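S.K.: Handing you a structure now.
2 protein chains.
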Amino acid sequence: MSVHERKQRERAERERLIVATARELAERQGWDAVTTRRLAERIEYSQPVLYSHFRGKREIIGAVALEGAAEMAAAVRAATAAAPGPRERVAALARAYLDFATRHPAVYDALFHLDGGLAYAREDTPAPLKDAFAALRESLAEVAGDGTDPGLFTETFWAALHGLATLTRAGRLPPELADRRIALLVDRLAVVPAP
Amino acid sequence: MSVHERKQRERAERERLIVATARELAERQGWDAVTTRRLAERIEYSQPVLYSHFRGKREIIGAVALEGAAEMAAAVRAATAAAPGPRERVAALARAYLDFATRHPAVYDALFHLDGGLAYAREDTPAPLKDAFAALRESLAEVAGDGTDPGLFTETFWAALHGLATLTRAGRLPPELADRRIALLVDRLAVVPAP
DNA sequence: CTCGCTTGTCTAGCGCTGCTAGAATCCAGT
DNA sequence: ACTGGATTCTAGCAGCGCTAGACAAGCGAG
Chain A
1 MSVHERKQRE
11 RAERERLIVA
21 TARELAERQG
31 WDAVTTRRLA
41 ERIEYSQPVL
51 YSHFRGKREI
61 IGAVALEGAA
71 EMAAAVRAAT
81 AAAPGPRERV
91 AALARAYLDF
101 ATRHPAVYDA
111 LFHLDGGLAY
121 AREDTPAPLK
131 DAFAALRESL
141 AEVAGDGTDP
151 GLFTETFWAA
161 LHGLATLTRA
171 GRLPPELADR
181 RIALLVDRLA
191 VVPAP
Chain B
1 MSVHERKQRE
11 RAERERLIVA
21 TARELAERQG
31 WDAVTTRRLA
41 ERIEYSQPVL
51 YSHFRGKREI
61 IGAVALEGAA
71 EMAAAVRAAT
81 AAAPGPRERV
91 AALARAYLDF
101 ATRHPAVYDA
111 LFHLDGGLAY
121 AREDTPAPLK
131 DAFAALRESL
141 AEVAGDGTDP
151 GLFTETFWAA
161 LHGLATLTRA
171 GRLPPELADR
181 RIALLVDRLA
191 VVPAP
């Protein structure tokens with residue numbers, strides 16, 4: 001049975017290679033450049049091999065998205081853990097979120113702009129996505145304010161961040177004043193308990 | 001010279017037909033269904049005719065976006081004009097904006113998700129886009145709060161609305177609580193002068 | 001009225017896309 | 001060493017955006 005196991009290991013390894021290659025290619029040249037042919041060439045296999053791992057290109061995007069969601073959750077948690085108080089925590093969260101979107105635009109696209117075939121905001125939403133939302137909620141719940149549902153607050157704050165991230169990256173907003181927009185958002189939306 | 005003028009009129013009419021047909025097709029079946037072949041068939045001309053009016057598909061998307069921007073500006077102005085006070089005005093603006101995004105998803109995509117080859121937030125930004133932003137600013141400037149630049153406030157509020165619109169439509173947010181998210185945004189972000 | 005020329009339109013096709021059927025190859029177990 | 005099943009490849013389909021070059025239509029000049 002050891003032979004079979006080795007083959008399975010190699011298969012899993014190749015699958016990781018596909019996802020990593022797709023991500024790298026997307027990050028370097030944009031998702032438009034990620035074609036099944038190019039991807040196959042990079043991993044040094046023929047096109048149909050991709051389809052023995054994924055149903056199609058959509059599922060490859062989805063795999064990159066899940067990987068990215070886990071990283072984003074970690075980035076947000078790392079940033080908020082170091083912050084001393086609620087206000088600083090929210091500010092750190094906002095900066096970390098937008099920083100992630102800026103540093104990994106292709107991953108951010110896979111998560112929120114492209115169709116990766118993933119279910120969102122549902123029972124069967126994949127764990128990494130739920131966890132990324134949870135990471136936001138952990139730091140946002142404490143500043144939701146009395147009488148405001150933490151989940152609803154998190155959704156709204158997240159939407160605002162997402163809007164900033166999307167519009168900035170698409171050139172719809174001049175990037176120079178990004179910090180001041182973040183400050184505005186944090187100061188107004190978050191309800192910080194009196195010291 | 002009258003013959004020439006008639007021809008120009010007919011050409012302009014055909015151009016309107018192309019844009020209207022593209023928009024309708026996108027609204028009914030999504031932008032993926034808007035292919036140059038299908039579009040050409042619908043207007044009962046051959047494919048190359050499209051390229052005598054537009055440089056490519058991107059420019060057709062851009063034309064739909066400009067048309068949509070004008071309509072959105074009008075919708076926002078109509079909604080805010082009827083509102084009695086600043087707080088109601090902002091709430092009406094938010095509802096009108098999100099309502100537009102919901103009712104005309106293809107147009108909203110053309111404006112903000114697809115590449116229509118348009119310049120945003122620049123000197124040479126087309127007038128309809130500038131005007132749509134101006135329409136938002138007209139009602140938002142009065143609630144920016146002292147010491148907050150109205151332009152910056154408009155950008156931030158707009159980004160928040162855009163985030164809600166995008167995430168809701170993509171299934172990333174459950175749509176039931178949309179009204180409460182809007183209320184949260186309006187109540188927290190807008191600074192309403194004491195009565 | 002006819003000719004020649006510009007202007008407009010169409011047919012056909014290029015290179016690319018995601019995806020797949022069926023041939024070919026490799027390799028483990030007897 | 002052979003055979004059967006798993007694996008991988010070659011080749012190709014239909015559709016995409018876009019365009020070159022053939023063709024037709026309609027104008028002004030003679």
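First to last, the sequence lines map onto chains A and B.
The opening residue of the first sequence carries number 1 in the UniProt record's numbering; numbering runs sequentially from there.
The opening residue of the second sequence carries number 1 in the UniProt record's numbering; numbering runs sequentially from there.
Each residue gets a CB set at the ideal place from its N, CA and C atoms; glycine is no exception.
In this text the structure is predicted, and so the values were computed from the model without any measurement.
1) Only counting runs of 4 or more residues, tell me where the alpha helix (DSSP H) segments fall wholly within the stretch 80-163 of chain B, in order along the chain.
2) Just the chain B side, please: which residues come within less than 7 Å of residue 97 of chain A by C-beta, in chain order?
3) Do residue 70 of chain A and residue 111 of chain A have their C-beta atoms closer together than 8 Å?
4) Where does residue 192 of chain B fall in DSSP's three states?
5) Give the interface partners of residue 180 of chain B over in chain A, defined as CB-CB distance under 7 Å, in chain order.
6) Identify each residue in the stretch 76-88 of chain A for which the Cβ-Cβ distance to at least one residue of chain B is less than 9 Å, and report them in chain order.
7) Which residues, in chain order, does the UniProt domain "HTH tetR-type" (12-72) of chain B contribute to contact with chain A at a C-beta distance below 8 Å?
8) Return yes when the Cβ of residue 172 of chain B is within less than 8 Å of the Cβ of residue 121 of chain A, no when it is not.
9) Measuring only the C-alpha atoms, how far is residue 16 of chain B from residue 79 of chain B?
10) Whose Cβ in chain B lies nearer than 8 Å to the Cβ of residue 104 of chain A?
11) Using only CA atoms, which one of A/169, A/57, A/100 and A/63 lies nearest to residue 77 of chain A?
12) Buried or exposed: which applies to residue 12 of chain A, given that a residue is buried once 16 or more other Cβ atoms fall within 10 Å of its Cβ?
13) Secondary structure at residue 174 of chain B, three-state DSSP: helix, strand or coil?
14) Can you name, in chain order, every residue of its own chain whose Cβ lies under 7 Å from the Cβ of residue 24 of chain A, other than the five neighbours on each side?
15) Take residue 157 of chain A as the anchor and find which of B/94, B/52, B/60 and B/184 has the nearest alpha-carbon.
16) Counting only Cβ pairs nearer than 8 Å, list the residues of chain B close to residue 4 of chain A.
17) At the 8 Å Cβ level, is residue 185 of chain A part of the contact set with chain B, yes or no?
18) Would you grab the beta carbon distance between residue 163 of chain A and residue 161 of chain B for me? Rounded to a whole angstrom, and I think it's under 8 Å.
19) Determine, using beta carbons only, whether residue 108 of chain A comes closer than 8 Å to chain B.
20) Using a Cβ-Cβ distance under 8 Å, would residue 171 of chain B count as near chain A?
21) From the DSSP output, in three-state form, read off residue 44 of chain A for me.
22) Do you know whose CA, among A/106, A/141 and A/144, lies nearest residue 29 of chain A's CA?
23) Can you pull the chain A residues whose beta carbon is under 8 Å from the beta carbon of residue 163 of chain B, in chain order?
24) Is it true that the CB of residue 58 of chain A sits closer than 8 Å to the CB of residue 198 of chain A?
25) Under 8 Å, Cβ to Cβ, is there at least one residue of chain A near residue 126 of chain B?
26) Could you tell me if residue 104 of chain A is buried or exposed, where buried requires 16 or more neighbouring beta carbons within 10 angstroms of its beta carbon?
27) Is residue 166 of chain A near residue 166 of chain B, with beta carbons less than 8 Å apart?
28) Between the alpha carbons of residue 6 of chain B and residue 53 of chain B, how many angstroms are there, rounded?
29) Could you pull out every residue in the same chain whose Cβ sits closer than 7 Å to the Cβ of residue 47 of chain B, ignoring the five residues on either side in sequence?
30) Let me make sure I understand the geometry here. Which of B/175, B/177, B/169 and B/146 has the alpha-carbon closest to that of residue 188 of chain A?
31) Out of A/73, A/97 and A/194, which one is the CA nearest neighbour of residue 130 of chain A?
32) Counting only the same chain and skipping the five closest in sequence on each side, list residues whose C-beta sits under 6 Å from that of residue 1 of chain B.
33) Using a Cβ-Cβ distance under 8 Å, would residue 155 of chain B count as near chain A?
34) Quick one: is residue 62 of chain A buried, meaning 16 or more other Cβ sit within 10 Å of its Cβ, or exposed?
35) Is residue 33 of chain B buried or exposed, if buried means 16 or more other CB atoms sit within 10 Å of its CB?
M.R.: According to the data block:
1) 86-103, 105-112 and 127-140
2) As a working note, residue 97 of chain A is residue 97 in the first sequence. Under the 7 Å cutoff, chain B gives no residues; its nearest Cβ is about 11 Å from residue 97 of chain A.
3) For this step, residue 70 of chain A is matched to residue 70 along the first sequence. For this step, residue 111 of chain A is matched to residue 111 along the first sequence. With contacts defined by Cβ atoms closer than 8 Å, residue 70 of chain A and residue 111 of chain A do not form a contacting pair.
4) Taking the second sequence and counting its residues from 1, one reaches residue 192 of chain B at position 192. Reduced to three states, the DSSP call for residue 192 of chain B is coil.
5) Numbered from 1 along the second sequence, position 180 holds the residue referred to as residue 180 of chain B. The answer, in chain order, is 152.
6) Those would be none; no residue qualifies.
7) none
8) The residue you call residue 121 of chain A lines up with position 121 of the first sequence. The residue you call residue 172 of chain B lines up with position 172 of the second sequence. Contact flag set, yes.
9) Within the second sequence, the letter at position 16 stands for residue 16 of chain B. Within the second sequence, the letter at position 79 stands for residue 79 of chain B. The straight-line gap from Cα to Cα measures roughly 27 Å.
10) As a first step, residue 104 of chain A must be located in the first sequence, where it is residue number 104. Chain B residues near residue 104 of chain A: none, gap ~18 Å exceeds 8 Å.
11) The residue given as residue 77 of chain A occupies position 77 in the first sequence. The candidate whose alpha carbon is nearest that of residue 77 of chain A is A/100.
12) By one-based count along the first sequence, residue 12 of chain A stands at place 12. Label assigned to residue 12 of chain A: exposed.
13) For this step, residue 174 of chain B is matched to residue 174 along the second sequence. Correct three-state label for residue 174 of chain B: coil.
14) Within the first sequence, residue 24 of chain A is the residue found at index 24, counting from 1. Here the set comprises nothing.
15) As a position in the first sequence, residue 157 of chain A is number 157, starting the count at 1. Measuring from the Cα of residue 157 of chain A, the nearest candidate turns out to be B/184.
16) Indexing the first sequence from 1 puts residue 4 of chain A at position 4. Under the 8 Å cutoff, chain B gives no residues; its nearest Cβ is about 39 Å from residue 4 of chain A.
17) Along the first sequence, one-based indexing puts residue 185 of chain A at 185. Yes - at least one Cβ of chain B is within 8 Å of the one on residue 185 of chain A.
18) What you label residue 163 of chain A is simply residue 163 of the first sequence in a count that begins at 1. What you label residue 161 of chain B is simply residue 161 of the second sequence in a count that begins at 1. With a Cβ gap of about 7 Å, residue 163 of chain A and residue 161 of chain B count as contacting.
19) As a first step, residue 108 of chain A is located in the first sequence; it is residue number 108 there, counting from the start. No - not a single Cβ of chain B is within 8 Å of the one on residue 108 of chain A.
20) As a working note, residue 171 of chain B is residue 171 in the second sequence. Judged by the 8 Å Cβ criterion, residue 171 of chain B is in contact with chain A.
21) As a working mapping, residue 44 of chain A is identified with position 44 in the first sequence. Residue 44 of chain A falls in the coil class under three-state DSSP.
22) As a working mapping, residue 29 of chain A is identified with position 29 in the first sequence. Among A/106, A/141 and A/144, the Cα nearest to that of residue 29 of chain A is on A/106.
23) Numbered from 1 along the second sequence, position 163 holds the residue referred to as residue 163 of chain B. What residue 163 of chain B touches in chain A: 158, 159, 160, 161, 162, 163, 164 and 166.
24) Since the first residue of chain A shown is 1 and the last is 195, residue 198 of chain A is not available in this structure.
25) Reading the second sequence from its first residue, position 126 is the one you call residue 126 of chain B. Residue 126 of chain B does not count as touching chain A.
26) In the first sequence, residue 104 of chain A corresponds to position 104, counting from 1. With 16 or more other Cβ atoms within 10 Å, it is buried.
27) Residue mapping note: residue 166 of chain A aligns to position 166 of the first sequence, counting from 1. Residue mapping note: residue 166 of chain B aligns to position 166 of the second sequence, counting from 1. Closer than 8 Å, so yes.
28) Within the second sequence, residue 6 of chain B is the residue found at index 6, counting from 1. Within the second sequence, residue 53 of chain B is the residue found at index 53, counting from 1. Distance between the alpha carbons of residue 6 of chain B and residue 53 of chain B is about 17 Å.
29) Locating residue 47 of chain B in the second sequence gives position 47, counting from the first residue. 36, 37 and 40, listed in sequence order.
30) Walking along the first sequence from the start, residue 188 of chain A turns up at place 188. Taking only the C-alpha atoms, the option nearest residue 188 of chain A is B/146.
31) In the first sequence, residue 130 of chain A corresponds to position 130, counting from 1. Answer by Cα proximity: A/73.
32) Position 1 of the second sequence, counting from 1, holds the residue named residue 1 of chain B. Since pLDDT at residue 1 of chain B reaches only 44, below the 50 mark, its modelled position is unreliable, and the value read off the structure follows with that caveat. Once the five neighbours on either side are set aside, residue 1 of chain B has no close Cβ partner at all.
33) For the purposes of this step, residue 155 of chain B is taken as residue 155 along the second sequence, with counting starting at 1. Chain A, which has a Cβ nearer than 8 Å to the Cβ of residue 155 of chain B, makes this yes.
34) To locate residue 62 of chain A, count along the first sequence from 1; it is residue 62. It is buried - the Cβ of residue 62 of chain A has at least 16 other Cβ atoms within 10 Å.
35) Locating residue 33 of chain B in the second sequence gives position 33, counting from the first residue. So residue 33 of chain B ends up on the exposed side.
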